[in-house]
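First comes the structure, then the notes that go with it.
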Amino acid sequence: MLVTKKSYLDFIKSVKDALVRCGVPTEKLEELEETILETELIIPVVGSFSAGKSSLINTFLGVNYLPVGITPETSIATELRYGINERIEAVKKDDSIDVYPIEEVQRVKELSSNYKFLRVFLNNERIKSIEPLVLVDMPGFDSPLDIHNQAILNYLANGVYYIVVLSVEEGGITKSLMRRLYEIKSVGKDFSIVLNKRDLRAEAEVFEIANKIEETLFETLSERKSVIVTSMFDNEGVKKIIESINPEKLFEDIFQTKVKYVYFDTIETINTFIAGMKKSSEEVRAAIEKMRKSIDEIQRKEEEIISDIRAKYSGTNINNIIDAVASDLRESVDELTDTIFYKGQNEFIRQVNEII
0 MLVTKKSYLD FIKSVKDALV RCGVPTEKLE ELEETILETE LIIPVVGSFS AGKSSLINTF
60 LGVNYLPVGI TPETSIATEL RYGINERIEA VKKDDSIDVY PIEEVQRVKE LSSNYKFLRV
120 FLNNERIKSI EPLVLVDMPG FDSPLDIHNQ AILNYLANGV YYIVVLSVEE GGITKSLMRR
180 LYEIKSVGKD FSIVLNKRDL RAEAEVFEIA NKIEETLFET LSERKSVIVT SMFDNEGVKK
240 IIESINPEKL FEDIFQTKVK YVYFDTIETI NTFIAGMKKS SEEVRAAIEK MRKSIDEIQR
300 KEEEIISDIR AKYSGTNINN IIDAVASDLR ESVDELTDTI FYKGQNEFIR QVNEII
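Positions 0 to 355 (numbering that gives the first Met the number 0) are the ones given, in order, by the sequence shown.
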């Protein structure tokens with residue numbers, strides 16, 4: 000587990016434990032905890048259909064796992080994950096899963112219209128070495144298919160960093176791709192640029208295209224970025240980019256603001272809770288004071304009643320009457336206590352008069 004991830008989870012647990020002991024709600028902390036546990040560091044590899052994304056990924060893996068030269072109709076978002084048991088999990092639109100052996104990747108790609116995306120589990124040391132990063136081979140940005148565009152939008156939302164692949168044959172960045180890059184930056188995320196298929200152009204022309212891309216990026220995004228020049232015969236380009244990605248920093252960028260927000264929201268909740276406790280204490284004190292005044296009133300009335308009785312009656316009957324009234328009051332003490340606390344002094348006196 001990432002150090003940053005563990006630190007955030009430990010912090011949330013300690014705050015939750017403290018709040019539970021105080022009776023303060025912890026729903027927002029639990030929601031954040033669940034999000035942190037479930038969040039993956041998705042790295043989409045994006046670009047136009049013919050940019051050579053799959054070939055570059057195969058070069059990085061050292062094995063041709065991903066089919067190349069497929070048509071746009073058979074292209075599908077493909078997550079690459081480490082697993083000793085190599086397999087393909089094809090996720091349907093209803094989130095159910097079909098499982099295929101790794102050898103059938105070409106066949107599964109041909110069935111791509113049946114699925115939302117693929118998870119390919121590979122027993123590959125290079126995939127293992129970049130965990131918890133998850134590379135995703137994406138359909139081309141210029142795909143005419145709605146299902147591909149939906150997948151692109153989903154991964155643009157869920158991705159945490161993007162590797163953008165351009166071919167020297169494109170000669171630069173298209174307006175549609177620049178819009179995508181602007182969208183990525185506008186949501187606080189980042190990307191690296193790879194200029195692929197350097198072997199198809201003279202070296203001078205390749206670096207002229209790279210410089211043109213860098214200038215276009217600066218003019219549009221006001222940011223200097225170096226373009227990595229590579230080809231399917233060069234493993235260093237993609238490897239260099241992946242090694243430059245810091246998972247700890249990515250996770251911190253995703254959750255630092257959210258953790259701070261929940262922290263301050265929790266402080267506000269605690270302060271509200273304390274204020275409520277103070278208010279409750281004041282209400283109790285006020286009720287006790289009302290009860291004290293009512294008791295004084297009862298004693299005064301008792302003296303008046305006794306005086307009246309003594310004026311009207313004599314002998315042993317007086318003591319019997321007084322004892323009967325006192326007994327009735329004692330039996331009604333719980334009811335009278337609730338009355339003074341919840342219904343007020345006037346109702347309390349009315350009930351005392353009824354008893355008397």
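For each residue, glycine too, the CB sits at the ideal point set by N, CA and C.
Supposed contact pair K224 and E213 - C-beta distance, whole angstroms, cut 8 Å: 6 Å
For T173 and F217, the rounded distance between their alpha carbons: 15 Å
Same chain, Cβ closer than 7 Å to L1, neighbours up to 5 away in sequence not counted: P131, P246, E247 and F250
Entirely enclosed alpha helix (DSSP H) segments - the region 147-232, minimum 4 residues: 174-185 and 202-220
Where the alpha helix (DSSP H) containing T34 begins and where it ends: E26 to E37
Nonlocal neighbours in the same chain, by C-beta distance under 8 Å from M177, ignoring five residues either side: T215 and T219
Backbone CA spacing between F120 and L31 [nearest angstrom]: 28 Å
CB of R197 within 8 Å of CB of S230, strictly: yes
Element boundaries [beta strand (DSSP E), containing Y7]: Here Y7 belongs to no beta strand (DSSP E); instead the alpha helix (DSSP H) covers V2 to C21.
E267 versus T25, L8 and Y181, residue with shortest Cα-Cα distance: T25
Host beta strand (DSSP E) of F120 (start-end): F116 to L121
Cβ separation of V163 and G46, assumed to be a contact under 8 Å, to the nearest whole Å: 6 Å
Buried or exposed (CB count within 10 angstroms, at least 16 for buried), P43: buried
Endpoints, the alpha helix (DSSP H) within which L60 is located: K52 to L60
Euclidean distance between Cα positions of M374 and V261: Shown here, the chain extends from 0 to 355; a query on residue 374 therefore has no answer.
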